[in-house]
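Worksheet: the structure to be examined is printed underneath.
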Amino acid sequence: MAGLVEELAETTEDSSSFSGGYSYCFIDGDPPNKYICHICTLPARDPHQVTCCYNIYCSVCLQALKVKGQNGFICPTCRQPLEGNYFKDGRADREIRCLEVYCNNRMGKGCPWVGTVTNIESHLNVCPFDFVKCTNGCGAEMKRSKLKTHLADRCSKRIIECQYCQSSGMYMVISSSHHLDTCTYYPVKCTNKDCSLKLPRFEMLLHTEACAKTIVSCEYSSIGCDKKITRENLEKHNEESMKDHLLMAVREVGLLRADVKMLKEKAKSVDDSVKSSKTNVNKSVQSLTSKVTTVQNQSKSLQAQVTNLQAKAKKAQEETANLQLAQSQHVKAIESLTANVSAQEIKNKVHKHVFKLSGFTDKRDSKKPWYSPTFYTSPGGYMMALRVDVSGDASNESSIGCYLCLMAGEYDHALEWPFSGVATIELLNQLEDKNHKTYELVFDNALPESCRERVYGKTSTLGWGFPEFIAHSELAISSTSFQYLCDDKLYFRVTVNVTSKTKPWLEETDN
Numbered sequence: 000m001a002g003l004v005e006e007l008a009e010t011t012e013d014s015s016s017f018s019g020g021y022s023y024c025f026i027d028g029d030p031p032n033k034y035i036c037h038i039c040t041l042p043a044r045d046p047h048q049v050t051c052c053y054n055i056y057c058s059v060c061l062q063a064l065k066v067k068g069q070n071g072f073i074c075p076t077c078r079q080p081l082e083g084n085y086f087k088d089g090r091a092d093r094e095i096r097c098l099e100v101y102c103n104n105r106m107g108k109g110c111p112w113v114g115t116v117t118n119i120e121s122h123l124n125v126c127p128f129d130f131v132k133c134t135n136g137c138g139a140e141m142k143r144s145k146l147k148t149h150l151a152d153r154c155s156k157r158i159i160e161c162q163y164c165q166s167s168g169m170y171m172v173i174s175s176s177h178h179l180d181t182c183t184y185y186p187v188k189c190t191n192k193d194c195s196l197k198l199p200r201f202e203m204l205l206h207t208e209a210c211a212k213t214i215v216s217c218e219y220s221s222i223g224c225d226k227k228i229t230r231e232n233l234e235k236h237n238e239e240s241m242k243d244h245l246l247m248a249v250r251e252v253g254l255l256r257a258d259v260k261m262l263k264e265k266a267k268s269v270d271d272s273v274k275s276s277k278t279n280v281n282k283s284v285q286s287l288t289s290k291v292t293t294v295q296n297q298s299k300s301l302q303a304q305v306t307n308l309q310a311k312a313k314k315a316q317e318e319t320a321n322l323q324l325a326q327s328q329h330v331k332a333i334e335s336l337t338a339n340v341s342a343q344e345i346k347n348k349v350h351k352h353v354f355k356l357s358g359f360t361d362k363r364d365s366k367k368p369w370y371s372p373t374f375y376t377s378p379g380g381y382m383m384a385l386r387v388d389v390s391g392d393a394s395n396e397s398s399i400g401c402y403l404c405l406m407a408g409e410y411d412h413a414l415e416w417p418f419s420g421v422a423t424i425e426l427l428n429q430l431e432d433k434n435h436k437t438y439e440l441v442f443d444n445a446l447p448e449s450c451r452e453r454v455y456g457k458t459s460t461l462g463w464g465f466p467e468f469i470a471h472s473e474l475a476i477s478s479t480s481f482q483y484l485c486d487d488k489l490y491f492r493v494t495v496n497v498t499s500k501t502k503p504w505l506e507e508t509d510n
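For reference, each letter of the sequence shown is one residue, going 0 to 510 in numbering that gives the first Met the number 0.
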């Protein structure tokens, strides 16, 4: 009989699907022979009784015999044809399902469950002693009773939140050195010697640019001073090197004089005339002096002539001085006109932008920065964005911080870099057009180039601004003359006065 079972299993296309009867451990020992399938020799599953010898068989065993039996569809016990000679035995099925069995996980795993054949399948689906694989796919196997703890505390693929930046991801990713080395909110120590301050990574660059221990270039580096000192010793260095700086400045002024060469060329005709007159006078004086030296003892009249000529020479020198003074006045007038034109050009580059920050309370509680829509300082100008740290920073969470950040713009190729100019950030009074909270930012050579340099792609500079722009307590003040926070909204106005130049030969004329 066992050979028949093996034959059926081997001839089945998928032998793993041949299940046969119930292979459980029964409480009362092996079930009576009347419940046993005479093909698989197990208690019959979905039993069917044959009419030839009245034995019972599993439904699946009969179907396998019918399809794959090498000797045809005949009874394996009495060798009689079975086609149409069997039926489902409902009584035997009920009695078999009522037999009591132990859980499959009793031996070696310790499951105490006892129940009927009817209930064991549903029990096995929830048995706490059954070994299951992690549902997150980490590859670990454990008892079902420990799966919940594994998913919550131990699984390397469980979803957790970074305690610093609140971003979500798998534990193996969030806790990895790769994430911690790039997390913008991870606290890092200042790299400057003797400074032990720790700040979120995204704030550290701004701190380094203001840290008293940062090594910086002398303020007069642009005119030749190559000293490197800590920011806290900068003022002392300026005092000690005042004479050297003055000499450098004098030398720089000398170099700048070359810039007015164009203006001097415009006055060249006057200067040439003066030089010609002076040369002629000098020649006359030399000639007369020579003659006077030769004949001075011979004729008083010649002496008088020499005196007269000297007087003329003096007058000519005075006229020359007057011409030089007039030339200087002309140069100053031209410089004044040039300055006025430059001032007018700068004035034409001033633009104002107003932004509304809605949902102030939610943004303050989220502790994440808010960025305004990007804007251009002027048509064809620099692209910027206003960053507002609604909940402040790690060192002061009771104030709002405001910063201007340079972005990658469409016209950057035609602009002068690093950016130079003066920007004004205003928190607007919502009652009337005055009493605004105003701060001015100067972008010049004293500012680190990292805050003024050109950026590429979707990145931006860290920005330059004020970490303590206004205290939260001041926003809550309700006055008849000013109110900054109204209907959970703030209004900011940004004015940018650009002093850096464009590259006109690169500007596009056709769009």
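Ideal Cβ positions, reconstructed from N, Cα and C, are used throughout, including at glycine.
In this text the structure is predicted, and so the values were computed from the model without any measurement.
For the beta strand (DSSP E) holding PHE128, just list the boundary residues, first then last.
First-last for PHE128: undefined, no H or E at that position.
Using the DSSP secondary-structure output, state which residues sit across from VAL215 in a beta bridge.
ILE228
Quick one: Cα of GLY136 to Cα of PRO80, how far?
51 Å
What do you reckon, are the CB atoms on CYS182 and CYS164 nearer than 8 Å?
yes
Which runs of the alpha helix (DSSP H) at least 4 residues long sit entirely within the region 286 to 327? Give them in chain order.
none
In whole angstroms, give me the CA-to-CA distance for VAL495 and THR229.
31 Å
Expressed to the nearest angstrom, what Euclidean distance is found between the alpha-carbon atoms of TYR438 and ARG256?
36 Å
Within the same chain, show all residues whose beta-carbon is closer than 7 Å to that of ALA342, passing over the 5 residues directly before and after it, in chain order.
Its pLDDT being 46, under 50, ALA342 is placed unreliably by the model, and the measurement read from it follows with that caveat. Closer than 7 Å at Cβ, skipping near neighbours: no residue.
Check this for me: beta carbons of ARG44 and TYR23, under 8 Å apart or not?
Going by beta carbons, ARG44 and TYR23 fall outside the 8 Å limit.
Quick check on PHE25: does DSSP put it in helix, strand or coil?
Per DSSP, reduced to three states, the secondary structure at PHE25 is strand.
Ignore the nearest five residues each way along the sequence and tell me which others in LYS156's own chain have a CB closer than 8 Å to its CB.
CYS133, ASN135, GLY136, CYS137, MET169, TYR170 and MET171
Less than 8 Å between the CB atoms is what I'm expecting for HIS47 and TYR85, so what's the real figure, rounded?
5 Å
Rounded to a whole number of angstroms, what is the C-alpha to C-alpha distance between HIS122 and CYS52?
Taking the straight line joining both Cα atoms gives about 36 Å.
The beta strand (DSSP E) that contains TYR56, what's its start and end?
In the DSSP assignment, TYR56 falls within the beta strand (DSSP E) that extends over 55 to 57.
Would you please state the rounded distance, in angstroms, between the beta carbons of ASP392 and PRO466? I believe it to be under 8 Å.
Contact between ASP392 and PRO466 is confirmed by a C-beta separation of about 6 Å, below the 8 Å threshold.
What three-state label does DSSP hand VAL389 in the structure shown?
coil
Between which residues of its own chain and PHE201 is the CB-CB distance below 8 Å, once the five residues before and five after are set aside?
THR183, TYR184 and LEU461
Kindly provide the ranges of any beta strand (DSSP E) runs that are 3 or more residues long and lie completely inside the region 87 to 151, ordered along the chain.
99 to 101, 113 to 115, 130 to 132 and 140 to 142
Shortest alpha-carbon distance to ARG96 belongs to which of GLU425, ILE35, ASN307 and GLN309?
ILE35
If we ignore side chains and look at the alpha-carbon of each, how far apart do SER283 and GLN326 end up?
Distance between the alpha carbons of SER283 and GLN326 is about 25 Å.
In its own chain, which residues sit with a C-beta less than 6 Å from the C-beta of HIS352, not counting the 5 before and 5 after it?
PHE374 and VAL493
Count the other CB atoms, across all protein chains shown, that sit within 10 Å of the CB of MET382; report buried if there are 16 or more and exposed otherwise.
buried
Can you tell me which of the three DSSP states LEU233 falls into?
LEU233 falls in the helix class under three-state DSSP.
Taking 7 Å as the limit between beta carbons, can you name the residues of its chain near LEU179, skipping five residues before and five after?
TYR185
Please list, in chain order, all residues of the same chain as GLY223 whose beta carbon is under 6 Å from its beta carbon, the five residues on each side excluded.
MET247
Output yes or no for whether 8 Å exceeds the beta carbon distance between VAL280 and ALA315.
yes
Checking 8 Å against the spacing of the C-beta atoms, do SER449 and THR498 come in under that value?
no
Quick one: is SER207 buried, meaning 16 or more other Cβ sit within 10 Å of its Cβ, or exposed?
The residue you asked about is not Ser; residue 207 is Thr in the sequence shown. Classification of THR207: buried, given that the 10 Å Cβ count is 16 or more.
Quick test of your reading: ASP388 and PRO372, contact by CB under 8 Å. State the CB separation rounded to the nearest angstrom.
Between ASP388 and PRO372 the beta-carbon gap is near 18 Å, outside 8 Å, which marks them as no contact.
Report the residue ranges of all beta strand (DSSP E) runs contained in full by the region 405 to 477; include only those spanning at least 3 residues, in chain order.
420 to 426, 436 to 442 and 463 to 470
Can you tell me whether TYR370 is helix, strand or coil according to DSSP?
strand
Can you find the residues in the same chain that come closer than 6 Å, C-beta to C-beta, to ILE119, ignoring five residues on each side of it along the sequence?
Only VAL100 meet the Cβ criterion.
Tell me whether GLU160 sits in a helix, a strand or coil according to DSSP, three-state version.
Here DSSP, grouped into helix, strand and coil, assigns GLU160 to strand.
Under DSSP, the beta strand (DSSP E) around LYS500 begins and ends at which residues?
First-last for LYS500: undefined, no H or E at that position.
Quick check: what's the CA-CA separation for LYS346 versus SER216?
Bear in mind that the predicted position of LYS346 carries a pLDDT of just 43, short of 50, making it too unreliable to give a figure here.
Specify the secondary structure class of LYS346 as computed by DSSP and reduced to three states.
Low local confidence applies: a pLDDT of 43 at LYS346 is under 50, so the model's placement there is unreliable, with the coordinate-based value given in what follows. In the structure shown, the three-state DSSP call for LYS346 is helix.
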